[in-house]
Amino acid sequence: MSNCTNVLSSEVMLGDDGNLVLRRTSGIRRPYADVIWQSFDHPTDTILPGAKIGYYIME
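1 is the number of the first residue of the sequence shown in full-length UniProt numbering; add one for each residue after it.
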């Protein structure tokens, strides 16, 4: 009998496009990687190619 524990961890990656992405990953085989936060979703005073421009309106 073996013990298997599902371990969650986080990683930060800076893409070639300048997008900084924080992801939640599984520690075993990384079957999924959920994006927790990414800089292109929160633009500042600098616009990079591929960054989102605009806003989302909820009714």
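Backbone N, C-alpha and C fix where the C-beta goes; we use that ideal spot for every residue, glycine too. Remember, predicted model here, so these are calculated numbers, not experimental data.
Roughly how many angstroms separate the alpha carbons of D45 and S10, rounded to a whole number?
Translated into positions along the sequence shown, residue 45 becomes position 45. Translated into positions along the sequence shown, residue 10 becomes position 10. For D45 and S10, the distance between alpha carbons rounds to 27 Å.
Residue of L8, V21 and M13 minimising C-alpha distance to I36
Counting from 1 along the sequence shown, the entry for residue 36 is found at position 36. Taking only the C-alpha atoms, the option nearest I36 is V21.
Distance CB(P49)-CB(D17) smaller than 8 Å
Residue mapping note: residue 49 aligns to position 49 of the sequence shown, counting from 1. Residue mapping note: residue 17 aligns to position 17 of the sequence shown, counting from 1. Yes, Cβ-Cβ distance for P49 and D17 is below 8 Å.
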